[in-house]
Amino acid sequence: MDTILQAARGAFDLITSGDRTLAEIVLLSLKVSISAVVLATLLGLPLGAAIAVGRFPGKRAVVVLLNALMGLPPVVVGLVVYLLLSRAGPLGGMGLLFTPRAMVLAQAILVLPIIAALCRQAVEDAWIEYQEQLRSLGAVGFRAALTLVWDIRFSLLTAILAGLGRASAEVGAVMIVGGNIDGVTRVMTTTIALETSKGDLPLALSLGIVLIALVIALNAAAMYVKEAAQRRYG
Amino acid sequence: MHASACILPLALRDVCFSAGGRAIIDRVSVELAAGPSTIILGANGAGKSVLMRLMHGLLQPTSGEIAWSERDEARLRRMQAMVFQRPVMLRRSSLANITYALEIARVARSEREQIAVEALESVGLMPLAHRPARVLSGGEQQRLALARAWALHPEVLFLDEPTASLDPSATREIEMVIRAFDAAGTKIVMATHNLGQVRRLGDEVLFIHQGRLVECAPVARFFSHPASAEAAAFVKGELPW
Numbered sequence: 000m001d002t003i004l005q006a007a008r009g010a011f012d013l014i015t016s017g018d019r020t021l022a023e024i025v026l027l028s029l030k031v032s033i034s035a036v037v038l039a040t041l042l043g044l045p046l047g048a049a050i051a052v053g054r055f056p057g058k059r060a061v062v063v064l065l066n067a068l069m070g071l072p073p074v075v076v077g078l079v080v081y082l083l084l085s086r087a088g089p090l091g092g093m094g095l096l097f098t099p100r101a102m103v104l105a106q107a108i109l110v111l112p113i114i115a116a117l118c119r120q121a122v123e124d125a126w127i128e129y130q131e132q133l134r135s136l137g138a139v140g141f142r143a144a145l146t147l148v149w150d151i152r153f154s155l156l157t158a159i160l161a162g163l164g165r166a167s168a169e170v171g172a173v174m175i176v177g178g179n180i181d182g183v184t185r186v187m188t189t190t191i192a193l194e195t196s197k198g199d200l201p202l203a204l205s206l207g208i209v210l211i212a213l214v215i216a217l218n219a220a221a222m223y224v225k226e227a228a229q230r231r232y233g
Numbered sequence: 000m001h002a003s004a005c006i007l008p009l010a011l012r013d014v015c016f017s018a019g020g021r022a023i024i025d026r027v028s029v030e031l032a033a034g035p036s037t038i039i040l041g042a043n044g045a046g047k048s049v050l051m052r053l054m055h056g057l058l059q060p061t062s063g064e065i066a067w068s069e070r071d072e073a074r075l076r077r078m079q080a081m082v083f084q085r086p087v088m089l090r091r092s093s094l095a096n097i098t099y100a101l102e103i104a105r106v107a108r109s110e111r112e113q114i115a116v117e118a119l120e121s122v123g124l125m126p127l128a129h130r131p132a133r134v135l136s137g138g139e140q141q142r143l144a145l146a147r148a149w150a151l152h153p154e155v156l157f158l159d160e161p162t163a164s165l166d167p168s169a170t171r172e173i174e175m176v177i178r179a180f181d182a183a184g185t186k187i188v189m190a191t192h193n194l195g196q197v198r199r200l201g202d203e204v205l206f207i208h209q210g211r212l213v214e215c216a217p218v219a220r221f222f223s224h225p226a227s228a229e230a231a232a233f234v235k236g237e238l239p240w
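In order, the protein sequence lines correspond to chains A and B.
Numbering that gives the first Met the number 0 numbers the first residue of the first sequence as 0 and each following residue consecutively.
Numbering that gives the first Met the number 0 numbers the first residue of the second sequence as 0 and each following residue consecutively.
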């Protein structure tokens, strides 16, 4: 019990004193995860929308696969990206391994299926509802797609926030491709893992608190956005 | 606006539509002329909605031919509108839902709002112009759907059981708007299974039974002297479904 209290007191001091190491780690975490989500959003939204409205053989299999990929184990993604970026790998020449860019890449791969799958679901539901009306009004093709995406923009924002939650909370992928190098690739989750095994519990716990606060804030934001939109636009 | 010739008549020749190996519309041939309000009457599942979607071009016939007198595809689209059983509104204001439709129809930006306001006034929804369309009641949304169609000044208006999910007072309001369309010279083509509505709004009846056009007659004659056993049973309310 004493250990926990001590750790909690230490964590409180660290957070309230605005500790530099702590701040840097939190900042890098946010930078990496937000970059990854931006990347995954740029690819994931069009991909999800295309799968939703497209008609092609094997569509059901693609949907099943995409949904399954939402549960992609981070360590496996880390391993694959590691293999791609390692010196002997196909992208080894770029020298990205153990840099924040490698971490962005790994997290983007991890988050891409989540954003694409949630987007696919939202677009498909809306498409079923709107299809005939839009065609009757004469809105087809790109025009119809644009109308649809704009109309469900809040559902899409929720999907993006879910992706951000996932990215900022994972440890396996960034640990493998980032290497947890002090001051370079050390983020919240990897620091927690390291400091816990080293015994520096106050730092680990303070990062844990920040991380949980962040995840709660993201989920609250997602819910608020959705509810506000529901009230405002029905 | 109606400078060029009317897009009617609409002719269906041996139109069939099947889905999943089942014939939903079976060799329907009929011609719809400008003028009289046409009611597509039939029991649930008779094929009314599908027939209407074929006419409006939302479905393609499996075989047979659907021909309008107008050949220009764009103008043909532009001159028809459809109101569905459940209105589909975009997540924006009532007014914006109408200006959106006008934008798609290539109405000049400067005229859109004026036309939309007139359309809202015609269905009595002006006080709700800036309310989000999706938070309106079912009856209000259906009136908005009619206003949206009205704003487009179509020559032909398709209505697919527009009052099926509404209460009597909302139904009355919708019927008033439909009559105003009719009075303005719009060709009404409406699907319903409501006999009272046929009497109130219709001039001629297409009676559909199990995907086939069983009878095509003026309303008065349809009720007084139905030519087929199925129609007679339906009029008497005896048709099993």
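Note that the Cβ used here is the ideal one computed from N, Cα and C, for glycine as well.
Note that the coordinates shown come from a computational prediction; the quantities given were computed from them, not determined experimentally.
Chain B residues whose Cβ lies nearer than 9 Å to that of Leu236(A) = In this structure chain A extends from 0 to 233, so residue 236(A) is not present and cannot be described.
With DSSP as the reference, label Arg19(A) as helix, strand or coil.
-> helix
Stretch-stretch touch, CB-based, cutoff 8 Å, three pairs: the region 55-66 of chain B with the region 211-228 of chain A = No contact exists between the region 55-66 of chain B and the region 211-228 of chain A.
Going by C-alpha distance, which of Ser167(A), Gly162(A), Leu156(A), Gly88(A) is nearest Val224(A)?
-> With distances taken between Cα atoms, Val224(A) lies closest to Leu156(A).
Step through the CB atoms of chain A and report whether any lies within less than 8 Å of the CB of Phe83(B).
-> yes
Report the option in Leu151(B), Leu119(B), Met175(B) whose CA atom is closest to the CA atom of Val106(B).
-> Leu151(B)
Are Arg231(A) and Pro126(B) touching if we call contact CB-CB under 8 Å?
-> no
Beta-carbon gap between Ala241(B) and Gln84(B) smaller than 8 Å = Nothing about residue 241(B) can be read from this structure; chain B reaches only from 0 to 240.
Selected residue, minimal CA-CA separation from Ser32(A), among Met69(A), Ile159(A), Phe11(A), Gly207(A) | Ile159(A)
Element boundaries [beta strand (DSSP E), containing His208(B)] = 203-208
In three-state terms, what does DSSP make of Ile187(B)?
-> strand
Show which residues of chain B have a CB atom less than 7 Å away from the CB atom of Leu136(A).
-> Ala100, Ile103
Expected contact under 8 Å - CB spacing of Leu204(A) and Ala22(A) to nearest Å = Leu204(A) to Ala22(A), Cβ: 16 Å. No contact.
Can we say the region 42-54 of chain A touches the region 107-127 of chain A, given the rule of at least three CB pairs closer than 8 Å?
-> yes
Would you mind telling me which residues of chain A sit closer than 9 Å to Ala80(B), beta carbon to beta carbon, in chain order?
-> Ser135, Leu136
Collapsed DSSP secondary structure at Val14(B) in the structure displayed | strand
Which one of Gln106(A), Gly177(A), Ala161(A) has the shortest CA to CA distance from Leu96(A)?
-> Gly177(A)
Please confirm if Leu156(B) has its CB atom under 8 Å from at least one CB of chain A.
-> No, its Cβ sits nowhere closer than 8 Å to a Cβ of chain A.
Beta-ladder partner(s) of Phe157(B), from DSSP = Met81(B), Val188(B)
Assumed close pair Glu241(B), Thr37(B) - CB separation to whole angstroms, cut-off 8 Å = This structure cannot settle anything about residue 241(B), because the visible part of chain B is limited to 0 through 240.
Which residues in the same chain as Arg199(B) place their Cβ atom closer than 7 Å to its Cβ, once the five residues preceding and following it in sequence are excluded?
-> Glu174
Hey, which unbroken runs of the beta strand (DSSP E) at 3 residues or more fall wholly within the region 22-91 of chain A?
-> If you keep only unbroken beta strand (DSSP E) runs of at least 3 residues inside the region 22-91 of chain A, you get nothing at all.
Report buried or exposed for Ala73(B), applying the criterion of at least 16 other Cβ atoms within 10 angstroms of its Cβ.
-> exposed
Is Ile241(B) buried or exposed, if buried means 16 or more other CB atoms sit within 10 Å of its CB?
-> Any property of residue 241(B) remains undetermined from this structure, which presents chain B solely from 0 to 240.
Are any of the Cβ atoms in chain B nearer than 8 Å to that of Tyr235(A)?
-> This structure gives no information on residue 235(A), because the portion of chain A shown stretches from 0 to 233.
Starting from Asp150(A), find everything on chain B with Cβ-Cβ shorter than 9 Å and list it in chain order.
-> Those within 9 Å of Asp150(A) in chain B are Leu89, Arg90, Arg91.
Using CA coordinates, which residue listed in Thr2(A), Glu169(A), Thr184(A), Thr190(A) is at the minimum distance from Pro73(A)?
-> For Pro73(A), the closest C-alpha among the options Thr2(A), Glu169(A), Thr184(A), Thr190(A) is that of Glu169(A).
Sort Gln120(A), Leu83(A), Val110(A), Thr188(A) by Cα distance to Ala35(A) and report the nearest one.
-> Val110(A)
Note down, in chain order, each residue of its chain lying with its Cβ closer than 6 Å to the Cβ of Met280(A), except the 5 sequence neighbours on either side.
-> In the structure as shown, chain A starts at 0 and stops at 233, and residue 280(A) therefore has no counterpart that could be examined.
Using the C-alpha atoms, what's the distance from Gly236(B) back to His224(B)?
-> 15 Å
Tell me whether the beta-carbon of Val234(B) lies closer than 8 Å to the beta-carbon of Leu194(B).
-> In this structure, Val234(B) places its C-beta atom within 8 Å of the C-beta atom of Leu194(B).
Going by DSSP, what residues sit across from Trp67(B) in a beta bridge?
-> Bridge pairing for Trp67(B): Leu9(B) [DSSP].
Buried versus exposed, by CB contacts within 10 Å (16 or more), Glu139(B) | When all chains shown are included, Glu139(B) counts as buried.
Close Cβ partners of Val213(B) (< 8 Å) along its chain, the five nearest in sequence each way excluded | Phe206, Ile207, Ser227, Glu229, Ala230
Would you say Ser131(B) faces chain A, with C-beta separation under 8 Å as the test?
-> The sequence given here places Pro at residue 131(B); Ser does not occur at that position. Output row for Pro131(B): interface = yes.
Measure the CB-CB distance between Val25(A) and Met187(A) and report whether it falls below 8 Å.
-> yes
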